[in-house]
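Quick note: the sequence shown uses UniProt numbering, first residue 1, plus one each step.
Below is one structure; the comments refer to it alone.
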Amino acid sequence: MQAKDDALPETWSERIRAFASGPKSIGFFLFLLIAVTVIPAIGVSVVLLQRNNEAQREVVTTLAEAMAGSIAEAVDRELSGMATTLRVLSTTPSLSSGDMKDFYDRARLALAGSGSYLRVLDDNFRPLMNTGVPYGEPLGPIKEPETVKAALEGGVTRTSGVFLGSLDGKWSFKVVKPYFPENGSPLLLVMTRNADSLIDVLSQQMLRGGWNASVVDKKNIVVASSLMSSDVGEPFFLDLEGTGIYHEAEPTEDREGGTYTTIVDESGVSGWKAVVWASTATIEEPMRHSLRMLLAGGLLVIAIGAFAAWLLGRQIAGPVRRLARDARRLGAGEPVHAIEYPIAEVATVSTALAEAALDREQAENEIRLLMREVAHRSKNQLTVVSSMAKQTARSSRTFAGFQDAFQKRLYGLARSTDLLIAGGAAGVELRELLAAQVDPFRPDSAERFKMSGPKFRLANQPAQTIGLAVHELATNASKYGAFSSDTGSLDISWKTKDEMFTLTWREFVAKGRRRNARRRGFGTEIIERMVGGTLDAEISRVYHRDGLECVFKIPVDRLVPDFQKKAIREDAAG
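Okay, structure coming up:
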C-alpha cells in the first residue's frame, strides 16, 4: 500500500511532462487561440469603453452645467421682468399723487393675463391696495415680511423665498421694490406670482437619461421641480454646498439609496439655485451595461470555438481600431461620423461618438455666434459712449459740468438700453422710448406733456440714436424751454405718410427767449450727425416766439426692424 502511494506522484508528474512536451489536442489550441484573440480584444474594449464613458460623462456634465446655467438665466429673466414691471409702474403719476384708485385700475390692466398681482404697502407694511381683490375690500397682513423689511431698509429691489399664498392657497414668491416719493412717506410695491409659473422654465430643458432639475431658494426650499410638483415648498432632499461645482452628495432623505451627482448654478438676481441632479448609479449604468455585454460576448466567443474566434476576431479587430481612432478624433476636436458596424455594441458607441461630436460642434458654433453678437453690440455701445464723452468734453467748461452732463447722458443711454434688452429682436415701441427719456424731466402735471401718434416700432440701432436725441431735447427743455418754468408745455406727435416718418417736437412757453442758434453743443451733434447722418433725416428747427419747434423727417425703411421691412415690401408687392 505504501509502495502504491509512492508511485502516485511519479505518475502525475510523468503525465504533466508528457502533456507539456507531447502533441496537444485541438481543443487546447482553440482555447489558446480564443484566449490570445479574445482576451486582448476584451481588454482593449474595456479600456476604450472606459475612455468613452469618461468622455461621455464629461460631455453630459458640460451639458448639465449649461442646462443649470440656462435655468438660472431663465429664472433671472423672469425675476428681472417682474422688477422691470415694478419699475415702470412706479413711474405712474397717480402713485406719486396718492390716487390709489387710479393706480389700482392701471396696475390691474397692466398685469392682466400675467398671472401676477400687485400690492402697495405703506412704510409700516400695512396694505393699501391689492389687484388680486376688488378695490376697497379689507386686506389681510402681508406674508413673509422679512423681504419687505429688507427692501425698505436697503432701498433696493428684493426677491423673497417661496411661501404659501393667502389668496389662492398656492405656493408663491414675490418681488418687492421700495418707492420713495418726493413728498410723503415711502411706499412698497409688492408683485406676487405663483411658483407654478417657473415649471415652464424647467419643462423647456431637454432632461433625459435620469437627469432632473429643481429651483431652490436661499433657504434650500424647492420653488419648482421637474420631478414632482409635491416637492414645492419642501426642503430640497440634497444638502447643497457651493455653487457651480460637480460633486456627489449624500441625500438628506434616502430616496433611492446611494449618492447623487449634482450641478448647481446660482441666480445672480435672487440668490436662488438652479440644481440639475441625477442618481450616480443611473449615470454609471450605461458603463456597467456595456461591460456586461462585453463579458457576455467574450464568453460566447470562447464557447463557439477556434473558427468563430478567428472570424469574430477579424470582425472585431478592425471596428475596434476604427472606434479607437474615432475616440481620439473626438478628443482632438475633429469631426466624427457614425459607421454601420456589424456589431451592435460597437455601432452604438460609434453613433454616440458621432452625436457627441455633432453636439459639441453645434455648441461651439452657438457660442461663437453669441460672442460675435456680444462683441458687435459692445463695440456699438463703446462707439456711442466715446462720441458722447468727446462732445460733452468739447461743450463743457469745467470738470464738474462735464461730469454732470456726461452722467445724465449715460443715464439716458441706459434707459434706451433697458428698452432694447426688453424688446430684443422685435425692437422698441416709440411711445415707450419717448416716455422713458422725457419722464425724468417732465413736471407732475399731465397736461404739460402730451404724446400723440400711431403705434410705431423702432429697430434697436435707430432707437438708441433717437433716444439720445430726445434726451438732449428734453435736457434743453428743462434748462431753457417748456419745462424751465411753471407754465410751459411739450407736445410730441408723429405720423407716417408715403413711407416717410415725421416726428414733431413742439415746446410752448409763456415768454419765449431766443436761443443762440449758432452755438453747437453735444445736442446739436447728436441731432445733425447721428440722427441726420446715420438715419438720413431731414431736420428743421424753428424758434417761434412761444417756443421751439423741431421736425424730423426720416425714411421709414431706416427705422423699422428687419422683419417689419420684409412685411412692408411684401405688402407693396401685393
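C-beta atoms are modelled at their ideal positions from N, C-alpha and C, and glycine is treated no differently.
Per DSSP, which residues does residue 233 bridge with? Please list them. What you label residue 233 is simply residue 233 of the sequence shown in a count that begins at 1. Per DSSP, none; premise fails for residue 233.
First through last residue of the beta strand (DSSP E) which encompasses residue 530: Your numbering for residue 530 matches position 530 in the sequence shown. Premise fails: residue 530 is in no beta strand (DSSP E) and is neither H nor E.
Beta-carbon separation of residue 67 and residue 116 under 7 Å? In the sequence shown, counting from the first residue as 1, residue 67 sits at position 67. In the sequence shown, counting from the first residue as 1, residue 116 sits at position 116. Against a cut-off of 7 Å, the Cβ pair of residue 116 and residue 67 comes out as no contact.
Output yes or no for whether 7 Å exceeds the beta carbon distance between residue 329 and residue 336. What you label residue 329 is simply residue 329 of the sequence shown in a count that begins at 1. What you label residue 336 is simply residue 336 of the sequence shown in a count that begins at 1. In this structure, residue 336 lies closer than 7 Å to residue 329 by Cβ.
Just list the residues that DSSP pairs residue 495 with in beta bridges. As a working mapping, residue 495 is identified with position 495 in the sequence shown. Residue 495 has 502 as its beta-bridge partners, per DSSP.
How many angstroms separate the CA atom of residue 517 from the CA atom of residue 435? To locate residue 517, count along the sequence shown from 1; it is residue 517. To locate residue 435, count along the sequence shown from 1; it is residue 435. Only weak support exists for where residue 517 lies, its pLDDT of 49 falling under 50; the value from the coordinates is given anyway. Their backbone Cα atoms lie some 27 Å apart in a straight line.
Taking 7 Å as the threshold (C-beta atoms), are residue 278 and residue 71 in contact? For this step, residue 71 is matched to residue 71 along the sequence shown. For this step, residue 278 is matched to residue 278 along the sequence shown. No, they are not a contact pair.
Which whole-angstrom value is the C-beta distance of residue 433 and residue 473, which I expect to be below 8 Å? Locating residue 433 in the sequence shown gives position 433, where the first residue counts as 1. Locating residue 473 in the sequence shown gives position 473, where the first residue counts as 1. Not confirmed; about 13 Å, so no contact.
N-terminal and C-terminal residue of the beta strand (DSSP E) that residue 127 is part of: In the sequence shown, residue 127 corresponds to position 127, counting from 1. From DSSP, the beta strand (DSSP E) with residue 127 extends over 127 to 130.
Identity of the residues DSSP links to residue 213 by a beta bridge: Here residue 213 refers to the residue found at position 213 when the sequence shown is read from its first residue. Per DSSP, 276.
Ordered along the chain, which non-local residues of its own chain (more than five positions away) have a Cβ less than 7 Å from that of residue 131? Indexing the sequence shown from 1 puts residue 131 at position 131. 104, 107, 108, 111, 117 and 118, listed in sequence order.
First through last residue of the beta strand (DSSP E) which encompasses residue 430: Within the sequence shown, the letter at position 430 stands for residue 430. Careful: residue 430 lies outside any beta strand (DSSP E), inside the alpha helix (DSSP H) at 430 to 438.
Spatial neighbours of residue 401 within its chain, please: C-beta separation below 8 Å, excluding the five flanking residues on both sides. As a first step, residue 401 is located in the sequence shown; it is residue number 401 there, counting from the start. Nothing listed; no residue qualifies.
Residue burial classification, residue 82 (beta-carbon count within 10 angstroms, cutoff 16): As a position in the sequence shown, residue 82 is number 82, starting the count at 1. By the 10 Å Cβ count, residue 82 comes out buried.
Buried or exposed: residue 470, going by 16 or more other Cβ atoms within 10 Å of its Cβ? Translated into positions along the sequence shown, residue 470 becomes position 470. Residue 470 should be labelled buried.
Segment contact, 8 Å Cβ cut-off, at least three pairs: the segment 140 to 158 with the segment 170 to 179: yes
Would you identify the three-state DSSP class for residue 192, choosing helix, strand or coil? In the sequence shown, counting from the first residue as 1, residue 192 sits at position 192. Strand, per DSSP.
Boundaries (first-last residue) of the beta strand (DSSP E) holding residue 583: Here the chain has residues from 1 to 574 only, and residue 583 is not among them.
Ends of the beta strand (DSSP E) at residue 262? In the sequence shown, residue 262 corresponds to position 262, counting from 1. Here the beta strand (DSSP E) through residue 262 covers 260 to 266.
Quick check on DSSP: helix, strand or coil for residue 471? On the sequence shown, position 471 is the one that residue 471 refers to. Residue 471 falls in the helix class under three-state DSSP.
Closest to residue 196 by C-alpha separation, out of 217, 184 and 171, would be which residue? Numbered from 1 along the sequence shown, position 196 holds the residue referred to as residue 196. For the residues 217, 184 and 171, the minimum Cα distance to residue 196 belongs to 171.
For residue 550, decide whether its Cβ has a neighbour in chain C, counting only Cβ atoms nearer than 7 Å. The chain labelled as chain C is not found in the depicted structure, where only one protein chain is given.
Quick check: what's the CA-CA separation for residue 163 versus residue 264? For the purposes of this step, residue 163 is taken as the residue at position 163 of the sequence shown. For the purposes of this step, residue 264 is taken as the residue at position 264 of the sequence shown. Whole-angstrom Cα-Cα distance: 22 Å.
Whole-angstrom Cβ separation of residue 528 and residue 539, contact assumed at under 8 Å? In the sequence shown, counting from the first residue as 1, residue 528 sits at position 528. In the sequence shown, counting from the first residue as 1, residue 539 sits at position 539. 7 Å between Cβ atoms; contact.
Counted within 10 angstroms of its Cβ, other Cβ atoms place residue 283 as buried (16 or more) or exposed: The residue given as residue 283 occupies position 283 in the sequence shown. Answer is buried; the Cβ neighbour count reaches 16.
Just reading off the alpha helix (DSSP H) that residue 197 is part of, what are its end residues? Your numbering for residue 197 matches position 197 in the sequence shown. Unbroken run through residue 197: none, as it is neither H nor E.
Three-state secondary structure (DSSP) at residue 398? Here residue 398 refers to the residue found at position 398 when the sequence shown is read from its first residue. Coil, per DSSP.
Among 42, 218 and 502, whose alpha-carbon lies nearest the alpha-carbon of residue 452? Locating residue 452 in the sequence shown gives position 452, counting from the first residue. Cα-wise, what sits closest to residue 452 is 502.
With a CB to CB cut of under 7 Å and the five nearest residues on each side skipped, what residues in its chain are close to residue 323? As a working mapping, residue 323 is identified with position 323 in the sequence shown. The residues are 48, 346, 349 and 350.
With a CB to CB cut of under 8 Å and the five nearest residues on each side skipped, what residues in its chain are close to residue 144? Stepping through the sequence shown from its first residue, residue 144 is reached at position 144. The answer, listed in chain order, is 160, 161, 163 and 174.
Let me check understanding here. Comparing Cα to Cα, which of 148, 557, 98 and 339 lies closest to residue 497? Here residue 497 corresponds to residue number 497 of the sequence shown, with the count starting at 1. For residue 497, the nearest C-alpha among the options comes from 557.
When you compare the CB positions of residue 189 and residue 86, do they come within less than 7 Å of one another, or not? By one-based count along the sequence shown, residue 189 stands at place 189. By one-based count along the sequence shown, residue 86 stands at place 86. Yes, the Cβ-Cβ distance between residue 189 and residue 86 is below 7 Å.
Could you tell me which residues DSSP pairs with residue 507 in its beta bridges? If you number the sequence shown from 1, residue 507 lands on position 507. 490, per the DSSP bridge assignment.
Considering only the alpha carbon of each residue, which of 217, 165, 213 and 60 lies closest to residue 194? Taking the first residue of the sequence shown as 1, we reach residue 194 at position 194. Among 217, 165, 213 and 60, the Cα nearest to that of residue 194 belongs to 165.
Quick check: what's the CA-CA separation for residue 359 versus residue 535? Here residue 359 refers to the residue found at position 359 when the sequence shown is read from its first residue. Here residue 535 refers to the residue found at position 535 when the sequence shown is read from its first residue. Using only the alpha carbons, I get a separation of about 41 Å.
Would you report the Cα separation of residue 537 and residue 75, rounded to the nearest angstrom? The residue labelled residue 537 in the question sits at position 537 within the sequence shown. The residue labelled residue 75 in the question sits at position 75 within the sequence shown. If I take the Cα positions, the gap works out to 41 Å.
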